[in-house]
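To keep things clear, I will list the structure first and then write my remarks on it.
There are 2 protein chains.
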Amino acid sequence: MVTAPNGVPAPGLRERKKSATRAALSQAALRLAVEHGWEKVRVEDIAAAAGVSPRTFNNYFPSKEAAVLATHAERAERIVEALRARPEQEPLWDALTHAFLDSFRADGPDPSALQRIRLAMDHTQLAAAQLRFEAEAAATLGAEIARRTGTDAERDLYPRLAATLAITTSRLAFEHWVASASATPALEAVQQALDRVRVMP
Amino acid sequence: MVTAPNGVPAPGLRERKKSATRAALSQAALRLAVEHGWEKVRVEDIAAAAGVSPRTFNNYFPSKEAAVLATHAERAERIVEALRARPEQEPLWDALTHAFLDSFRADGPDPSALQRIRLAMDHTQLAAAQLRFEAEAAATLGAEIARRTGTDAERDLYPRLAATLAITTSRLAFEHWVASASATPALEAVQQALDRVRVMP
DNA sequence: CCGAAACTTGCGCGCCACGCAACAATGCGC
DNA sequence: GCGCATTGTTGCGTGGCGCGCAAGTTTCGG
């Protein structure tokens, strides 16, 4: 068996299967929701579409919402990495802006992100879960901001505040871009929105 | 029967009973959750504590979360009213800040708000519902901001952005104040947080 | 090749949201 | 006051969800 001698110790069959079913479930959830409407899709259907038992679905995700929003968490990590990649002396909000735009670009033209946003905009349940996910993402992003700015995430409000407002602004800009079917690219809309906001340290 | 000749056409027994049970359910939900822990309280228990059938609970609220967060919506309305009461030529963010602080003061020393925040900070489900409520509140607050600034809430991102960021900042400040058991009054913490944020029109 | 570890699955339980129809309370015109 | 229309309450039934548990199956590592 040929395995690249990289740092990652070669994922075994087990791991590959796991992430495969995980992805299958997530994609199936999104596809079925788009096709038939969110509330008409049962967990049972998603499991069936992914070729797995209903019980197994809940081994991977605690809810339908979590399945659809699974990639959300991944994106959050990419934002943190993108922020880490920015020069240390760059002003925080600029660094945040670049980090968001970079992670956005990395997605490439991602139609599924658009579908997910549309779904969340239409269905309260999904929207609530999405907001909750973002709050968790804000916590980890806040930790990196704290590290970067040399503040204490426990004692100072600043890191979490900056993280949360950046994430929230980004989402609102994207939602607004989707809703208004603007001719300008989404990236530009997000950038303009972030430029409008300032958080003093 | 003595009724004040005010604009409100004297609420009949029906309406009074309704809002009474509504309040009873909401308060019972909060009290039981504080006493026994959120996830150990069933809808059935709340209904029983309010002296009403389980089925009736769902005539008033679609979920436990909604019951506990019922007063949240009322507070949102008071914020909008407080904003409407601010002078028209006052800069928006200043007006927002005053509106938030005023509505806060109007609560007086409200221990239930504190309890609700604590609950929401500890329990994901409740937190998600709270965020969702705030998003709705942001929509109505955004409408008032749009009116005030002469912008179009549909076409411009600004109203909703300002509304959402103000609400979010306020909540984060309050949460942080709760978590850090600060000696300074909560009002001050919220004000300082709002002062740190700027949203350009 | 074999035992241990990990994953899948079926079953069962408790809970929740809600439609429906019968029943009770209230409001209102007289 | 009185009776009827309106509105609220309740019990029942249904469908769905989340998850603990234990048995069966697959993968792993030596």
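So the sequences go chain by chain: A and P. Each residue of the first sequence is one higher than the last, beginning at 1 in my numbering. Each residue of the second sequence is one higher than the last, beginning at 202 in my numbering. Built from N, CA and C at the ideal position, the CB exists for glycine as well. Since the structure is predicted, the reported quantities are computational estimates derived from the model, not experimental observations.
Alanine 338 (chain P) has a beta carbon lying at 8 Å or more from every beta carbon in chain A. By the Cβ neighbour-count rule, lysine 265 (chain P) is buried, with 16 or more other Cβ atoms within 10 Å of its own. When secondary structure is reduced to three states using DSSP, arginine 147 (chain A) falls in the helix class. Judged by DSSP in its simplified three-state form, valine 379 (chain P) adopts helix.
For chain A, the residues of the segment 340 to 365 of chain P that bring a beta carbon within less than 7 Å of one of its beta carbons are Arg356, Leu358, Arg361, Leu362 and Thr365, in chain order. Rounded to the nearest angstrom, the Cβ distance from leucine 141 (chain A) to alanine 76 (chain A) is 7 Å, consistent with a contact under 8 Å. Arginine 317 (chain P) counts as buried, since at least 16 other C-beta atoms from the protein chains shown sit within 10 angstroms of its C-beta. Contact annotation: threonine 151 (chain A) and threonine 369 (chain P) have beta-carbon atoms that are not nearer than 8 Å. Between isoleucine 280 (chain P) and proline 54 (chain A), the alpha-carbon positions lie close to 45 Å from each other. In the DSSP assignment, valine 269 (chain P) falls within the alpha helix (DSSP H) that extends over 265 to 269. Counted as a single uninterrupted DSSP element, the alpha helix (DSSP H) harbouring arginine 256 (chain P) occupies residues 255 to 261.
For tryptophan 177 (chain A), same chain residues with a beta-carbon under 6 Å away, outside a window of 5 residues either side, are Ala186 and Ala189 in chain order. A straight-line Cα-Cα distance of about 20 Å links histidine 273 (chain P) and glutamine 392 (chain P). Contact between alanine 49 (chain A) and alanine 28 (chain A) holds, with the beta-carbon distance rounding to 4 Å and staying under 8 Å. Between glutamate 134 (chain A) and arginine 171 (chain A), the gap from beta carbon to beta carbon is short of 8 Å.
Using a 10 angstroms sphere on the CB of arginine 285 (chain P), the tally of other CB atoms stays under 16, which defines it as exposed.
The C-alpha of arginine 86 (chain A) lies about 9 Å from the C-alpha of leucine 96 (chain A). Under the DSSP assignment, arginine 319 (chain P) falls in the alpha helix (DSSP H) whose first and last residues are 312 to 323. Below the 7 Å Cβ cutoff, chain A contributes Arg196 and Val197 as neighbours of valine 400 (chain P), in chain order. For arginine 198 (chain A), DSSP records a beta bridge to P:Arg399. In the three-state reduction of the DSSP assignment, threonine 169 (chain A) falls in the helix class. From the beta-carbon of alanine 267 (chain P), no residue of chain A is found nearer than 7 Å; the closest lies around 11 Å away. Annotation: Cβ neighbours of threonine 369 (chain P) in chain A (cutoff 9 Å, chain order): Leu161, Thr164, Leu165 and Thr168. Excluding sequence positions up to five before and after alanine 248 (chain P), its CB lies within less than 7 Å of the CB of Ser254, Pro255, Thr257 and Phe258, all in the same chain and listed in chain order. As for any beta strand (DSSP E) of minimum length 3 sitting wholly inside the segment 16 to 51 of chain A, there is none. Residues of chain P with a Cβ closer than 9 Å to the Cβ of alanine 173 (chain A) are, in chain order, Leu358 and Leu362.
A direct Cα-to-Cα measurement between leucine 157 (chain A) and alanine 224 (chain P) gives close to 34 Å. Per the coordinates, the alpha-carbon of alanine 314 (chain P) lies some 43 Å from the alpha-carbon of threonine 21 (chain A). Residues Leu30, Ala33, Val34, Trp38, Val68 and Leu126 of the same chain have their beta carbon placed closer than 8 Å to that of leucine 119 (chain A), with the five preceding and five following residues left out of the count. One thing to note: arginine 397 (chain P) has its Cβ no nearer than 8 Å to the Cβ of valine 43 (chain A). Just so you know, the alpha carbons of glutamate 355 (chain P) and serine 180 (chain A) end up roughly 8 Å apart. Spanning the alpha carbons of glycine 51 (chain A) and serine 383 (chain P) requires a straight line of approximately 53 Å.
One finds Ala329, Leu332, Arg333 and Ala336 in chain P with Cβ atoms closer than 7 Å to the Cβ of leucine 131 (chain A), taken in chain order. In this structure threonine 350 (chain P) does not touch leucine 395 (chain P) by the C-beta definition: roughly 18 Å separates them, more than the 8 Å allowed. Think of a sphere of 7 Å around the beta carbon of serine 264 (chain P): no beta carbon from chain A falls inside it, the nearest being about 10 Å out. Shown here for aspartate 246 (chain P): same chain residues with a beta carbon closer than 7 Å to its own, the five before and five after excluded, namely Leu233 in chain order.
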